[in-house]
Amino acid sequence: MIVTGKNIKRGLGICAVTMVAAIAGCKQAGSGKMAARQDSLPAGDTIMSCTSNLPARFAAAASTDTIVASGKSSYTGMVKIPAGDYQMGASDKEGRPDEYPQHAVHVNGFYMDATEVTNAQFLEFVKATGYITTAERTPDWEELKKQLPPGTPKPADSLLVAASLVFTPPVKPVALNDVSQWWQWVKGADWKHPEGPGSNLKGKENYPVVQVSWDDAMAYAKWAGKRLPTEAEWEWAARAGLTNQPYTWGNEAVEKGQPKANIWQGHFPDQNTVADGFARVAPIRSFAANAYGLYDMAGNVWEWCADWYRSDYYTQAASKQSVNPIGPAASYDPDEPTVPKRVVRGGSFLCHASYCASYRVSARMKTSPDTGLEHTGFRCVKN
Ligand SMILES: [Ca+2]
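Take 1 as the starting number for the sequence shown in the UniProt record's numbering and just add one per residue.
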């Protein structure tokens, strides 16, 4: 049975008090196969957006105010991305509605980290600054309720704890409109314990740091003397000089030939054949770089961008010349209007063709800036 939005909420009880954060790996209603599924549902049933019905995400506010640039900023590990003009957005019919219309963008040249920021790099930052990430802080209800619809009751104290979202695959097929079937709010999950308190970073120095919020990524970037890429820079870099190709490597289907990226193979989210060698996060540089020398611009972990997310931003952007666009002035996600969100790009190890094709260069997703997830990290850029 397809679970409706109504009984999902009932089933989750207090855990659905907030439905903050975004999940990667989702096909929004209104496009592709999800639209087809929607059409086949009995009247009254609704495919919910991938950003709804996530287990409670009670984040604490972080601040970068106390972070000071290390003064050791370098271009080591970065590659030069040339200036150029391109058509931003989906050029084919595979995109979600927010990838249209394609529109002309000019981007100045910049440097970009060749890889996602690693646990070793993030550790260096934490050691130097004493920074405590969002997921390690106890949430403040007074702050939290500002993001929630008016009248939302205070959740149980047992839920207002330092925690983060961990991928917890179900043992059998589940309705793909209910991300709470594979995401769990886990006390003690944070960047040092990405899969929960029983996990650690031993041997994972060269893995991308995950369970970091947008605020955490901004703090790191400030310390490193860098910044987060704009969404336009990110897509330009992912396209790597190719024109209107769907993937960072060109147009060959993702599952054809040699593994091209760390994604999901098999049946999502209950069966992963691990044909690409990785069930969860993979070490950086495990797959071929794109033509600019950038690794993992598709799959592995989602990457935070600087921009606010607006579902209709491309409609606005198409009406004027876009030179080094920095995104909309404010966020608006019609799926969760009370929750401001930032853009994430690139897809993750949870992306699968049947459900999410966010390893496509134009795919956009949105996540509230205080959210940490096991499949979300970042890389930096520098002028
Ligand atoms: Ca994989």
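C-beta atoms are modelled at their ideal positions from N, C-alpha and C, and glycine is treated no differently.
The structure displayed is predicted, hence computed values, not measured ones.
Note on geometry: alpha-carbon atoms of G299 and V174 lie some 22 Å from one another.
The beta carbons of K222 and I67 sit closer together than 8 Å. Using a cutoff of 7 Å, the CB of F268 does not count as near ligand 1, since none of the ligand's heavy atoms is closer than that. W249 is not bridged by DSSP to any residue.
Ranked by Cα distance from G277, the options R342, D270, A291 and N262 are led by N262. The nearest non-hydrogen atom of ligand 1 is less than 7 Å from the C-beta of A279. If you ignore the 5 residues before and after P139, its C-beta comes within less than 7 Å of the C-beta of F58, A59, A60 and L160, all in its own chain and listed in chain order. Excluding the 5 residues flanking it on each side, E205 has same chain C-beta neighbours closer than 7 Å at T118, N119 and A120, in chain order. A direct Cα-Cα distance of roughly 32 Å separates K93 from T168.
Here N177 carries a coil assignment [DSSP, helix/strand/coil]. Collapsing the DSSP output to three states places L144 in a helix. Between the alpha carbons of T129 and L123 lies a gap of roughly 10 Å. Ligand 1 never approaches D335 closely enough for any of its heavy atoms to be under 7 Å from the residue's Cβ. With a cut-off of 8 Å on Cβ pairs, the segment 238-256 is not in contact with the segment 186-204, counting fewer than three such pairs.
Within the segment 161-249, the runs of beta strand (DSSP E) at least 3 residues long that lie entirely inside it are, in chain order, 163-167 and 183-187. Every alpha helix (DSSP H) stretch that sits fully inside the segment 58-138 and reaches 4 residues is listed by chain position as 119-129. In its chain, beyond the 5 residues on either side, V166, V186, G188 and A189 have a beta carbon closer than 7 Å to the beta carbon of G196.
Taking C-beta atoms as the reference points, T152 and K145 count as a pair closer than 8 Å. Nearest in C-alpha terms to Q102, of all of D335, T243, N383 and P269, is T243. By the criterion of a C-beta distance shorter than 6 Å, Y332 is surrounded in its chain by R310, once the five residues flanking it on both sides are discounted. Non-local C-beta neighbours of P334 in its own chain, meaning closer than 8 Å and more than five positions away in sequence, comprise S311, ordered along the chain. About 5 Å separates the beta carbons of Q181 and P170, which is inside the 8 Å limit, making them a contact pair.
A check of alpha carbon separations from S70 across P150, A219 and A306 identifies A219 as the nearest.
Following the DSSP letters along the chain, one finds A353 in no alpha helix (DSSP H), marked with neither H nor E. Residue pairing by DSSP places H375 opposite no residue, since no beta bridge is assigned to it.
At a cut-off of 7 Å, the beta-carbon of I263 counts as near ligand 1: some heavy atom of the ligand is closer than that.
Contact check for R364 and V343: beta-carbon distance about 6 Å, within the 8 Å limit, so the pair qualifies. In the DSSP assignment, A306 falls outside any alpha helix (DSSP H) and within the unbroken beta strand (DSSP E) covering W302 to W308. Just measuring C-alpha positions, the residue of Y313, A289, V274 and S158 sitting nearest P97 is Y313. Judged by their CB atoms, S368 and K341 are nearer to each other than the 8 Å cut-off. Contact between the segment 110-117 and the segment 371-383 is present: three or more C-beta pairs spanning the two stretches fall below 8 Å. By the C-beta density criterion, N251 is exposed, having fewer than 16 other C-beta atoms within 10 angstroms. Scanning L373, E374, S354 and T371 for the CA closest to the CA of N177 turns up S354. Close CB contacts of S213 within its chain, under the 8 Å cut and outside five residues either way in sequence, are with A59, A62, T133, T134, A135, P369, D370, T371 and G372 (chain order).
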